[in-house]
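For the sequence shown, this note's numbering gives the first residue as -2, with consecutive numbering after it.
Here's the structure, in structure tokens; my notes come after.
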Amino acid sequence: MATNVFVASTPLQLISCAEAKAHYRCPDSSCLLIIARPDNRVTEVQMAYLLDKLGWRGVEVVYLRKSTFYLRLASVFRRLSDRQIDSLFIGNQSSWIHESFYLGLCWKQLIFVDDGLATVKYYHAIHSEGLASRITAGKRRLLIRLGVHLHSVIPKRVSFFTCFPLKSSDRVGVETHDFPVFRRTFQPEPGAKSGMPLVGFIGQPFGGKDRLTQMRSQVGHVVDRHPGAKIVYFMHRKERRRELEQALVDLPIELRSSPRWPIEVEVALSRESYVAFYSFTSTALFTLKKIFPELSVYQIDDAVLAAKLPFYGEVQSMFRGAGVETTRL
């Protein structure tokens, strides 16, 4: 039997792989899921939760953790070197780790699934420079020592399986989705919501040296728009609490560290009622509006951070196309 291989490192990549598994009708018995070096403990916890919920129970899962990464990577490639791989689903298009899979294995079909707005950036990069390699000469030598021999031929055309409204071209074939597996799995809890309605602000580790200053301006903007409301700042898993506490010290908000599940699951299952969500360009603005169209979602137009983001106008257009409203600082 042919094998279908999925490679994911983040919760969104894993959600996207689950959608792809269903869309491409990959039987559980044909699937191998590789969890490739999650960046921290929060990521691992969220992915473990999603594994249990999103239809992976009958699938073989291989964990490539940081502590034993290179040994396990070599073992996986030995296992797959003589396998017939029907479809290879890649989560992080710009990671050398993920690249080693599509250059080191033989497959019939290569499909990139979503990695947040990085998907849009990579889509354009393919059209401007092709499938450029991120594997350095040093990494290539290391992979060879591990028994991973990379192909010299890079594919001229690949497929994207995405929630973003991208167009097919001579370089990329595009299939789109609106999270049907997720929506079936995480039906909102029945019954009335309890407590004070909340306004959510979604953090993101973007902006360089201007990030904290602009984050404070953005949060202040939300506070001004919702006087007297309870405002909750949902921290990105890469943000630091102490840093945010210092930057937002006198603003009437509640900081919430990354929970055991992603924000999309939080909205579906929480007993709390959310009035609106805000962020600069967090991917969650798009996914929340796609999954919960009745939810009020706002993109904060921040000129300082916008200057740092390639294809900002296109990102804004996609947000608006999904129903996300714009509010200016």
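Positions of the beta carbon are idealized from the N, C-alpha and C atoms, including for glycine.
Minimum Cα-Cα distance from A134 among the listed residues F203, Q201, V301, W93 corresponds to W93. Comparing C-alpha distances from A15 to each of V4, P24, P35, G52 shows the shortest one belongs to G52. DSSP, read as helix, strand or coil, puts D221 in helix. Here D175 is exposed. Its C-beta has fewer than 16 other C-beta atoms within 10 Å.
For C23, the secondary structure class from DSSP, reduced to helix, strand or coil, is coil. For K227, there is no enclosing alpha helix (DSSP H); the residue is part of the beta strand (DSSP E) that begins and ends at 227 to 231.
Contact between K105 and D83 is confirmed by a C-beta separation of about 5 angstroms, below the 8 angstroms threshold. In this chain, the beta strand (DSSP E) harbouring I199 covers 195 to 199. Bounds of the beta strand (DSSP E) holding W104 are 104 to 110. According to the DSSP assignment, S293 belongs to no alpha helix (DSSP H) but to the beta strand (DSSP E) extending over 293 to 298.
Across the structure, Y67 and S13 are spaced so that their CA atoms are roughly 25 angstroms apart. Contact annotation: D299 and F274 have beta-carbon atoms that are not nearer than 7 angstroms. Residue burial is scored here from C-beta neighbours: D111 has at least 16 other C-beta atoms within 10 angstroms and is therefore classed as buried.
Taken through DSSP and simplified to helix, strand or coil, D49 comes out as helix. Secondary structure at G170: strand, using DSSP grouped into helix, strand and coil. Setting aside the 5 residues that flank it on each side, A5 is surrounded in the same chain by L11, C14, G88, each with a C-beta closer than 6 angstroms to its C-beta; the list follows chain order.
Less than 7 angstroms divides the Cβ of R168 from the Cβ of I123. Using a Cβ-Cβ distance cut-off of 8 angstroms, the segment 300 to 313 and the segment 227 to 236 are not in contact, since fewer than three pairs of beta carbons, one from each stretch, lie closer than that value. Secondary structure note for T278: it is in no beta strand (DSSP E), with a DSSP letter that is neither H nor E. Residues of the same chain with their beta carbon placed closer than 6 angstroms to that of R239 are lacking, with the five preceding and five following residues left out of the count. Short of 7 angstroms from the beta carbon of Y60, and not among the five residues preceding or following it, lie these beta carbons of its own chain, in chain order: I32. If you look at V312, you'll find it in the alpha helix (DSSP H) that goes 309 to 319. Counting the other CB atoms within 10 Å of its CB gives T210 a total below 16, which places it among the exposed residues. Apart from sequence neighbours up to five positions away, the residues of its chain that approach A19 with a beta-carbon distance below 6 angstroms are V178, ordered along the chain. For R325, the uninterrupted beta strand (DSSP E) segment begins and ends at 322 to 325. Boundaries of the beta strand (DSSP E) harbouring L30: 28 to 33, taken from the DSSP string.
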